[in-house]
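Read the structure below first, then the notes.
There are 2 protein chains.
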Amino acid sequence: MRKLVVLKFGGSSLANPNRIKNVARRVVDYKKQNFDVVTVVSALGDTTDDLISLAVQINSNPSERELDMLLSTGEQISVSLLAMAIHKLGFNAVSLTGAQVGIVTDTHHTRARIVSIDCHRINKHLKNESIVIVAGFQGVTQENEITTLGRGGSDLTALALAKALKANLCEIYTDVDGVFSADPRIVKNAVKLPFIYYEEMLEMASLGAQVMQVRSVEVAKKFNIPFHVRSSFSNNSGTFIAGSISDLNKLKLQVKEAEMMEGALIRGVTLNKNEAKITICDVPDRPGVAAKLFKHLSRVDINVDMIVQNVSHTRQTDISFTLSKNDLPKALKATKTVAKEIGAGEVLSDLEVARVSIVGVGMRSHPGVAAKMFEALAYQKINIEMISTSEISISCIIQRKFADKALRVIHSKFLNRAK
Amino acid sequence: MRKLVVLKFGGSSLANPNRIKNVARRVVDYKKQNFDVVTVVSALGDTTDDLISLAVQINSNPSERELDMLLSTGEQISVSLLAMAIHKLGFNAVSLTGAQVGIVTDTHHTRARIVSIDCHRINKHLKNESIVIVAGFQGVTQENEITTLGRGGSDLTALALAKALKANLCEIYTDVDGVFSADPRIVKNAVKLPFIYYEEMLEMASLGAQVMQVRSVEVAKKFNIPFHVRSSFSNNSGTFIAGSISDLNKLKLQVKEAEMMEGALIRGVTLNKNEAKITICDVPDRPGVAAKLFKHLSRVDINVDMIVQNVSHTRQTDISFTLSKNDLPKALKATKTVAKEIGAGEVLSDLEVARVSIVGVGMRSHPGVAAKMFEALAYQKINIEMISTSEISISCIIQRKFADKALRVIHSKFLNRAK
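These protein sequences, in sequence, are chains W and X. Quick note: to get the numbering used here, add 146 to the position in the first sequence (first position is 1). Quick note: to get the numbering used here, add 146 to the position in the second sequence (first position is 1).
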């Protein structure tokens, strides 16, 4: 039985002719191992940014339909060039746009969702021993309008194709070696994780590990598509992401059993310096008050991150929440309006905060994890302003000036010992 | 009844954001005059050359299918940007790729021919008061493979759309003011021609007037599509090209009657410095010899231009022909092979020739035109090496060093007097 692999290469892996040739060699390597190969590519290097800047010179508020028309050319350029590079190595290859594949999306230009994928044309080419190269990030509506999938769209294309084609493996090639236990620029002895669960990857993506967009990981989790994030610039194995270790074992891949069985409680420590904090004091403690506040914020399009409200012993309580720094002015205005309406007290804000979090599926059944994190912070005399926990993560809001120190001390407490 | 105009803008008219805005204003001007407007655009400035150079860095002999995939992005970028520029002026506009329109071609990648055009989608948008912007130069096969139409392909798209949509007028905007009586860079007092016949334009295009590709004019002639070649950088009227003056009058356009009735015998004088000459001496004068020679040349893909064989008084004759300079080495080799086979004599070649021609539908019924041309050359002591005549042109091969002088003296003899 044939094995099928779906590979995805990002823009930095394709930034110049030599890198394109390098990608061609990687793709061909799989073909030589008798894999059927489908490759998804993003636009070359900075093409997308260059096109947007051209558009904005012409119309500062370009129509989303026309933006999709414009931006989808970036991936079309990539697919044809990669096909040429593969031909040069003596292998068959054929490039396809999203429309040619039949990647049908809804009609939300610049952020469309994939509705269905027609595998017929890809399968025909695979049967003819062709490597198939698909333009990522793009699709087409039922009315034949070109759409794009938004940030991280090429990852989505690759994952959706892996699912639709029942691929044995999906590899996401990027410019980093994989997912690390903490940001290696801050924590020198951070380790590359051989494996993490979807849920952990989701937490880490949303908490600021910039390897993949949350949306792509959500799709992988939803459809249980195991994938491998690795670097196109080295031959090192990267990080496998799956729903269970047995799903990965089924793939019979090069993940070492020893690495898999390590069973660390905590997968990684993440840091987000891009948050701000708002506190409403003396909120009347009655039903519907929180709903009113957050409904109002969502109406003005503000994404709230952590929310903390403590049990109240009086008739009043405090509610604190965090959000993206950029949204603070808009959010403050909206919060003050609601505070007045509901008869709450002062509204305070703080831009100088950071969020440090530990993530790990293992922690839910292990008591003492939270205590260990708080101890680490206390040891460095770092005050905790807010605490929030989920089943697989614990987050603390601290003063931003302690952020890097906090990351290092927590990483050292949990992860160095586990090695 | 609504009037429909098809406008076509070439790459130099769209080379930067300001020029794109300028084109948008021109397009909108027609809409303000209550025209339905369909605009065909080429790739911006040097985009096509840039893409080809990128391709060649990756594969010196890229597949034609993949080249089409690559190059068709150029026009897709143009259509979206022009749509954005028109939106900025407050008008509705929608961009369409060749595939979206339904411009169906045959399967000859890089030089496809249009098989059919589906007007349904364009008409729908026109009905909604949208300006429709169509990517030139490209189409799609019945199998949904992207094709391009070859050099001058955007002109073809515009003319074919004008025909299919029954347009009232087709305007080809370029970077010159129109078709001139001679190359204005050589002949200072050359005049812009208000009108020429298809046949004349065909002769002038093939004889080196670089305004349009022969193939586009052939299509216009075949389907009798009058069109107007003019500059996108001025508001001057350009040159109308049609099958008859009455066809133009039917359009009730701004061509002045006086200009139309001038009835010049000679429309223009053209020069081609890109030819070489081959002569086979002492060719046995028997049937089938010329056929054998030119069949062999066509087999090795050589396009022969003029052919001259004089009446023979002996059993032998000389055959001379001209061809593109670039083809000379290949053609010489082929000719020598055939010369040997048929028992002919020496094969001579000359790279230092030029072709000067007069073109005009009027000349066929007027004796003395040829004599006047030869007199002009004799006056300047320029020797004529070959003469060839068609119904609407007379061409002389002369030494290249006299080329510019020959062009001036003939232009002066015929055209200045006509003014």
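C-beta atoms are modelled at their ideal positions from N, C-alpha and C, and glycine is treated no differently. In this text the structure is predicted, and so the values were computed from the model without any measurement.
- For residue 414(W), does the three-state DSSP call read helix, strand or coil? strand
- For the segment 160-180 of chain W, enumerate the residues whose C-beta is nearer than 7 Å to any C-beta of chain X, in chain order. 163, 166, 167
- Item | Touching by the beta-carbon criterion (3+ pairs, under 8 Å), the segment 506-520 of chain W and the segment 485-493 of chain W | No: the two stretches stay apart, fewer than three of their Cβ pairs being nearer than 8 Å.
- Message: The beta strand (DSSP E) that contains residue 428(W), what's its start and end?
- Response: 421-430
- Message: Please report the straight-line C-alpha distance between residue 550(W) and residue 419(W), rounded to a whole angstrom.
- Response: 10 Å
- Item | Boundaries of the alpha helix (DSSP H) in which residue 365(W) is found, first to last residue | 360-369
- If you check the beta carbons only, do residue 225(W) and residue 184(W) fall under 8 Å apart? No, Cβ-Cβ distance for residue 225(W) and residue 184(W) is not below 8 Å.
- Query: Does any residue of chain X bring its CB to less than 8 Å from the CB of residue 403(W)?
  - Reply: Its pLDDT being 44, under 50, residue 403(W) is placed unreliably in this model, and the coordinates cannot settle the point.
- Task: Return the chain-ordered list of same chain residues with a C-beta closer than 6 Å to the C-beta of residue 352(W), the five sequence neighbours on each side being excluded.
- Result: 360
- In chain order, what residues of the same chain lie with their CB nearer than 6 Å to the CB of residue 542(X), ignoring the 5 residues before and after it? Within the same chain, Cβ atoms closer than 6 Å to the Cβ of residue 542(X) are found at 502, 530, 533, the five residues on either side in sequence being excluded.
- For the beta strand (DSSP E) containing residue 293(W), list its first residue and its last residue. Counting along the chain, the beta strand (DSSP E) containing residue 293(W) begins and ends at 292-294.
- Which stretch, first to last residue, makes up the beta strand (DSSP E) that contains residue 280(W)? Per DSSP, residue 280(W) is one residue of the beta strand (DSSP E) stretching across 277-281.
- In this structure, what does DSSP give as the bridge partners for residue 376(X)? 319(X)
- Item | Residue burial classification, residue 547(X) (beta-carbon count within 10 angstroms, cutoff 16) | exposed
- Residue range of the unbroken beta strand (DSSP E) whose run includes residue 519(X): From DSSP, residue 519(X) is part of no beta strand (DSSP E) but of the alpha helix (DSSP H) over 515-525.
- Message: Determine, for residue 153(W), whether the minimum Cβ-Cβ distance to residues of chain X falls below 8 Å.
- Response: no
- Item | Proximity winner among 150(W), 535(W), 544(W), relative to residue 526(W) (alpha-carbon distances) | Selection 150(W), 535(W), 544(W) evaluated against residue 526(W) yields 544(W) as nearest (Cα-Cα).
- Residues of chain X with a CB under 7 Å from the CB of residue 231(W): which are they? 204, 205
- Message: Does chain W have any CB closer than 8 Å to the CB of residue 275(X)?
- Response: So, not an interface residue.
- Task: Return no unless some Cβ of chain W is closer than 8 Å to the Cβ of residue 222(X).
- Result: yes
- Item | Close beta carbons around residue 500(X), own chain, < 8 Å, minus the five adjacent residues each side | 417, 418, 419, 421, 543, 544, 545, 546, 548, 549, 552
- Taking only beta-carbon positions, decide if residue 219(X) is within less than 8 Å of chain W. For residue 219(X), the answer is yes, since a Cβ of chain W falls inside 8 Å of its Cβ.
- Residue of 297(W), 238(W), 343(W), 301(W) minimising C-alpha distance to residue 214(W): 297(W)
- Query: residue 375(X) to residue 486(X), Cα distance in whole Å?
  - Reply: 49 Å
- DSSP-derived helix/strand/coil call for residue 285(X): strand
- Message: Tell me which residues of the segment 267-291 of chain X have at least one Cβ-Cβ distance to chain W shorter than 7 Å, keeping chain order.
- Response: 290
- Query: Taking one C-beta from the segment 163-175 of chain X and one from the segment 361-372 of chain W each time, how about it: are there three or more such pairs within less than 8 Å?
  - Reply: no
- Run through DSSP, which three-state label would residue 312(W) get? coil
- Neighbour flag for residue 201(X) against chain W, beta carbons, 8 Å: Yes, because at least one Cβ of chain W sits closer than 8 Å to the Cβ of residue 201(X).
- Item | Uninterrupted alpha helix (DSSP H) stretches inside the segment 163-193 of chain W (no shorter than 4 residues) | 163-178
- Whose CA, out of 518(W), 312(W), 432(W), 211(W), lies closest to the CA of residue 289(W)? Checked all of 518(W), 312(W), 432(W), 211(W); the closest Cα to residue 289(W) is 211(W).
- Message: For residue 532(W), list the residues DSSP reports as bridge partners.
- Response: 543(W)
- Secondary structure, beta strand (DSSP E): runs of 3+ residues fully inside the segment 208-257 of chain W: Runs found: 239-242, 249-251.
- Compare the C-beta of residue 225(W) against all C-beta atoms of chain X and say whether one is closer than 8 Å. yes
- Message: Beta-carbon within less than 8 Å of residue 430(W)'s beta-carbon, same chain only, minus the 5 sequence neighbours each way: which residues are those?
- Response: Here the set comprises 461, 462, 488, 489, 490.
- Task: Could you name the residues of chain W that residue 209(X) contacts, counting a contact when the two beta carbons are closer than 8 Å?
- Result: Those within 8 Å of residue 209(X) in chain W are 229, 230, 233.
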